[in-house]
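Numbering (our numbering), first residue to last: 16 to 245.
Heads up, the beta-carbon is just placed ideally off N, CA and C, and yes, glycines get one too.
To keep things clear, I will list the structure first and then write my remarks on it.
Structure follows, in structure tokens:
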């Protein structure tokens with residue numbers, strides 16, 4: 016009898032108090048989530064403004080929207096990944112990069128870089144993340160390469176931020192930061208060959224660079240990914 020009296024006096028009133036408390040906690044969690052989203056949007060917006068400094072006004076808004084679009088794509092992929100955890104993969108890897116550039120003369124400039132990095136597979140495609148070095152002239156810069164089918168996006172953040180997109184038979188505006196200032200360039204991709212698997216592989220991109228609507232150079236980018244045996 017005393018037990019039922021105790022339940023009547025204490026448990027029921029606490030249940031009545033618990034319901035609004037849970038409602039408040041749920042609303043607080045939702046508000047916190049959206050505040051986090053707004054902070055990220057502001058960060059990428061300011062980042063894109065920094066990237067677009069010195070770019071002509073007619074191309075600036077395109078680059079801002081494109082930079083925020085890259086963040087939205089990564090956010091969507093991370094949310095989808097939480098629903099499909101079996102599609103995720105993270106591995107340490109060795110990344111070898113070779114860049115060839117030919118201007119008017121027959122001589123070809125070559126830059127090679129071998130570094131350690133991280134290799135990811137997400138629903139949006141494969142991702143490579145590595146830190147640049149003095150060899151590439153981009154020290155204090157982190158590079159993220161996204162490969163999805165025959166589309167390749169190279170995003171650099173840090174001291175030398177930039178954003179370049181490669182799609183076969185398509186021309187994209189890009190930005191390249193130098194010590195002399197920001198350069199707006201046009202990247203015309205001729206071909207993309209994607210041979211990546213979960214065990215590594217190779218990505219090859221052939222493209223031309225135009226500056227102020229004038230031909231600048233013919234380029235080749237080859238990225239080899241080697242995953243060490245566990």
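Nearest-angstrom beta carbon gap, residue j and residue i [assumed within contact, 8 angstroms]
{"i": "residue 218", "j": "residue 144", "result": "Rounded, the Cβ-Cβ distance is 14 angstroms, inconsistent with contact."}
{"i": "residue 146", "j": "residue 130", "result": "7 angstroms"}
Where residue i falls, given that 16 or more other Cβ within 10 Å makes a residue buried
{"i": "residue 134", "result": "buried"}
{"i": "residue 121", "result": "exposed"}
{"i": "residue 46", "result": "exposed"}
{"i": "residue 142", "result": "buried"}
{"i": "residue 185", "result": "exposed"}
{"i": "residue 118", "result": "exposed"}
{"i": "residue 50", "result": "exposed"}
{"i": "residue 73", "result": "The pLDDT assigned to residue 73 is 48, lower than 50, so where the model puts this residue is not dependable; a value taken from the coordinates is nonetheless given after this. With fewer than 16 Cβ atoms within 10 Å of its Cβ, residue 73 is classed as exposed."}
{"i": "residue 87", "result": "Here the model assigns residue 87 a pLDDT of 47, short of 50, so the residue's position is not dependable, and the following value carries that caveat. Per the 10 Å Cβ criterion, exposed."}
Neighbourhood of residue i by C-beta, 7 angstroms cutoff - its chain only, sequence neighbours within 5 removed
{"i": "residue 242", "result": "106, 108, 134, 214 and 215"}
{"i": "residue 150", "result": "128"}
{"i": "residue 126", "result": "114 and 151"}
{"i": "residue 222", "result": "181, 202, 203, 204, 205 and 234"}
{"i": "residue 209", "result": "162, 164, 165 and 218"}
{"i": "residue 132", "result": "108, 110, 143, 144 and 145"}
{"i": "residue 104", "result": "135, 136 and 213"}
{"i": "residue 211", "result": "141, 162, 218 and 240"}
{"i": "residue 44", "result": "none"}
{"i": "residue 48", "result": "none"}
Bridge partners - residue i, DSSP secondary structure assignment
{"i": "residue 236", "result": "114 and 220"}
{"i": "residue 47", "result": "According to DSSP, which records beta bridges pairwise, residue 47 is partnered with nothing at all."}
{"i": "residue 39", "result": "Answer by DSSP bridge pairing: none, since residue 39 is not bridged."}
{"i": "residue 163", "result": "166"}
{"i": "residue 179", "result": "169"}
{"i": "residue 215", "result": "212 and 241"}
Cut-off 6 angstroms between Cβ atoms - residues of its own chain near residue i, not counting five sequence neighbours on either side
{"i": "residue 155", "result": "173 and 174"}
{"i": "residue 239", "result": "111 and 217"}
{"i": "residue 124", "result": "116"}
{"i": "residue 153", "result": "147 and 175"}
{"i": "residue 157", "result": "146, 172 and 173"}
{"i": "residue 8", "result": "In the structure as shown, the chain starts at 16 and stops at 245, and residue 8 therefore has no counterpart that could be examined."}
Sequence-distant residues of the same chain with beta carbon closer than 8 angstroms to residue i, five excluded per side
{"i": "residue 21", "result": "Residue placement at residue 21 is poorly supported in this model, since its pLDDT is 43, which falls under 50; the coordinates are not used for a value here."}
{"i": "residue 232", "result": "116, 117, 118, 223 and 224"}
{"i": "residue 200", "result": "188, 189, 190, 191, 224, 225, 226 and 231"}
{"i": "residue 183", "result": "165, 204, 205, 206 and 207"}
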